[in-house]
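Here's the structure, in C-alpha cells; my notes come after.
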Amino acid sequence: MKCLGLMSGTSMDGVDCAIIDVRPGRSQLRIELLAHRTRPYPPVFREQLLALAQTGTVAEVCRLHVAVGEVFARVANQTMRQAKLSAKDVAVIGSHGQTVWHSPTRVPVPGAGSVRSSLQIGDPSVIAERTGILTVADFRARDLAAGGEGAPLTPYVHYHVFRSRNTSRLIVNLGGIANATWLPRNGSLEDVVAFDVGPCNLLLDGVITQATRGQRSIDRNGALAARGCPRDVLVNELLRHAFFARRPPKSTGREEFGDDYVRRVLQVAARHRFSLEDTLASSCAAIARTVRQSKSWPGAEVIAGGGGVRNRGLLRALEREFEPGHVLFMDQAGVKSQALEAMAFAVLAHETIRGVPANLPWVTGAASPVVLGTVTPGRRPWDVTG
Ligand SMILES: Nc1ncnc2c1ncn2[C@@H]1O[C@H](COP(=O)(O)OP(=O)(O)O)[C@@H](O)[C@H]1O
Ligand SMILES: [Mg+2]
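For the sequence shown, our numbering begins at 4 and goes up steadily by one.
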C-alpha cells in the first residue's frame, strides 16, 4: 500500500513529504521510501507561524489553518509528480500538520474542569480536495482524549524501522525538540521506551536569532558552535529547567522552551561576556547531556536524525557524551534522516485506515491503545471493508 506523509515540526522550518510503500511483515511492517521532498516555508510565512504560536488571534488561526493546508497539499502533489504517481496510486495521506500549541499537562478551564490539549493546523479538507486522496490528520487528539500527552507518536514507527534482533538502539531525533526512543535488542513493542528529551534546534535557532536580532535564523552547519567552547555556568543554567527532572511520560514544545527560555540563557551569557560561539557550544553541550542523562542506555548504538545532524557543533557534543564510534547518522543506517518524520505519519495513517492502534500507552501515558486520527474522505469511495 502506497502512503504519503506530511510533516512540519516545532522548528517551523518547512514541510517534509514522503511517499512510502508499506507491506506487512512477520513482526514488523516493511517500509520502503519511494520519494521525499522538503519545502522550506518562505521566510514571511514562517514569521507568521512563529508569531501565531505566541500571540495569534482566532482570526489568524482560522486563516493560517487553511493556508498551511494549501502549502501541505502543494508539496504532496509535487512529490507525487516527482515519483510519477497519480492520486489513484496513493491509498492515504497522513498529515501531522503544524503544531501551534501543545499543552500536554492539565490546565483548569473555569466551568469545564481541566484539560490537556494540542493543536495542529493545516486543514485536511484542503489536502483531500487538492489531492483527491483520503487524508488522516489530528493524530494527537485521540491519544489526548484517552488520557495521554498526544506525544511522542513516532516511537511506534521507530520500532518498525529500526528494531534489531542483535543490537540495542537509541534513536535520537534532533528536531526542534529532541526526542529519544530506546529499542532494546530483540525487544517487542512493549519494551519501547520513549519521550521528549528537551529543546534542540528550538534552542539553537532561538539563540542565534535573538543574538543577531533576527539577522540570522540558523547556525548553518554549526559553524559557530563548532568554533566555540562550552561554558559550565551556561550549561548548568540551561539544565536548570524543571522539565529535565520530570519523569516520563513527558513531551514539550515552544510553550516551555520558547523565547523566554532563550532570553534567560542569553542574559547569563551576557553577564559573563561569553561570545555567541561559546553560547552556541554550551547549548550543544547541554542538549547532548540531556540526551545521555535522560536514562541509562546500556551499550546502545545511537542513531541520530533530524535537522540537528547537519550541525557539526551538536554532533561533536554528542560524540563527547557517548563513547566514540557509537553515534551513527540515520543515513548511515540506511534511512533518509530528513524523510523519517514524514514517513512516520504515512505509516500512522496506514495504521489508522487498517484500524490498528498506534499510540503506545506506556509512552504517551494514555489509558489504552487507540486508533489515531480523524479521517477526511478523498474523491474515491472509501472501502471500509478493505
Ligand atoms: N545545514 C544546517 N545547519 C545547521 N542546522 C540545520 C541545518 N539544516 C537544518 N538545521 C536545523 O534543523 C532544524 C530543522 O530540523 P527538523 O528536523 O526539520 O526539525 P522539526 O521536526 O522541528 O521541523 C532547523 O530549524 C535548523 O535548526
Ligand atoms: Mg522541520
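Each residue gets a CB set at the ideal place from its N, CA and C atoms; glycine is no exception.
A quick note: this is a predicted structure, and the numbers were derived from the prediction, not measured.
Three-state secondary structure (DSSP) of residue i
i: E304; result: strand
i: K91; result: helix
i: F198; result: strand
i: G225; result: helix
i: G389; result: Low per-residue confidence applies at G389: pLDDT is 48, beneath 50, and the placement is therefore not dependable, though the value from the model is reported in the following sentence. In the structure shown, G389 sits in coil (DSSP, three-state: anything other than H, G, I, E or B).
i: P187; result: coil
i: V330; result: strand
i: V69; result: helix
i: A345; result: helix
i: D235; result: helix
i: S14; result: coil
i: G337; result: coil
i: N391; result: Outside the displayed range of the chain (4 to 389) lies residue 391, so it cannot be described from this structure.
i: A370; result: coil
i: T2; result: This structure cannot speak to residue 2, because the chain is shown only from 4 to 389.
i: P384; result: coil
i: T41; result: strand
i: N204; result: helix
i: R33; result: strand
i: R26; result: strand
i: R319; result: helix
i: G8; result: strand
i: R230; result: helix
i: R172; result: strand
i: A21; result: strand
Whole-Å CB distance - residue i paired with residue j, under 8 Å assumed
i: F142; j: F348; result: 7 Å
i: E152; j: T355; result: Actually they are not in contact, since the Cβ atoms of E152 and T355 sit about 19 Å apart, beyond 8 Å.
i: A370; j: A149; result: 6 Å
i: C232; j: V93; result: Actually they do not touch by this definition, with Cβ atoms about 49 Å apart.
i: S340; j: G309; result: 7 Å
i: A289; j: L242; result: 6 Å
i: V312; j: L177; result: 6 Å
i: A140; j: T379; result: 7 Å
i: V69; j: V112; result: No, V69 and V112 are not in contact; Cβ-Cβ is about 26 Å, not under 8 Å.
i: V179; j: T13; result: For the record, residue 179 in the displayed sequence is Gly; it is not Val. Right, the Cβ-Cβ distance comes to about 3 Å (below 8 Å), so this counts as a contact.
Of the listed residues the options, nearest to residue i (C-alpha basis)
i: I124; options: T134, T108, V103, I130; result: V103
i: R49; options: D16, S220, G135; result: D16
i: L375; options: G190, L147, A320, I290; result: L147
i: R172; options: Q335, S11, G311, V305; result: V305
i: R383; options: V294, I290, L137, G358; result: L137
i: S191; options: P158, D199, E63; result: P158
i: I221; options: D235, R234, C203; result: C203
i: D24; options: N362, P380, A352, A197; result: A352
i: I34; options: M4, N239, T13; result: M4
i: P127; options: A115, L67, G116, V110; result: L67
i: V160; options: R276, L32, K91, R145; result: L32
i: A245; options: R276, V294, G201; result: G201
i: R295; options: F277, F325, A272, R267; result: F325
i: A45; options: Q57, V18, T58, A272; result: In the sequence as displayed, the identity of residue 45 is Pro instead of Ala. Answer by Cα proximity: V18.
Runs of 3 residues minimum, wholly inside the region 79 to 167: which ones carry the beta strand (DSSP E) assignment? Those beta strand (DSSP E) runs which fall completely within the region 79 to 167 and span 3+ residues are 95 to 111, 117 to 124, 138 to 140.
Can at least three beta-carbon pairs, one atom from the region 182 to 194 and one from the region 226 to 244, be found at a separation below 8 Å? Touching, no.
Do the region 61 to 79 and the region 89 to 102 touch if we need at least three Cβ pairs shorter than 8 Å? Contact between the region 61 to 79 and the region 89 to 102 is present, with at least three C-beta pairs closer than 8 Å.
Whole runs of the alpha helix (DSSP H) within the region 237 to 317, excluding any shorter than 4 residues: Taken in chain order, the whole alpha helix (DSSP H) runs of length 4 or more contained in the region 237 to 317 are 257 to 260, 262 to 274, 279 to 296.
Across the region 295 to 302 and the region 203 to 215, are there enough close Cβ pairs to call them in contact, namely three or more that are closer than 8 Å? Pairwise C-beta distances place the region 295 to 302 out of contact with the region 203 to 215, as fewer than three of them are shorter than 8 Å.
Cβ contact (3+ pairs, closer than 8 Å) linking the region 22 to 40 and the region 332 to 350: Yes, since at least three Cβ pairs between the region 22 to 40 and the region 332 to 350 fall closer than 8 Å, the two stretches touch.
Inspect the CB distances between the region 25 to 36 and the region 79 to 92 and report whether three or more fall short of 8 Å. Result no; under three Cβ-Cβ pairs closer than 8 Å.
Take every Cβ of the region 155 to 165, pair it with every Cβ of the region 110 to 130, and state whether three or more of those distances are shorter than 8 Å. The region 155 to 165 makes no contact with the region 110 to 130, as fewer than three CB pairs between them are under 8 Å.
Below 8 Å, can you find three or more Cβ-Cβ pairs linking the region 314 to 322 to the region 57 to 66? Flag = no, the region 314 to 322 and the region 57 to 66 do not touch.
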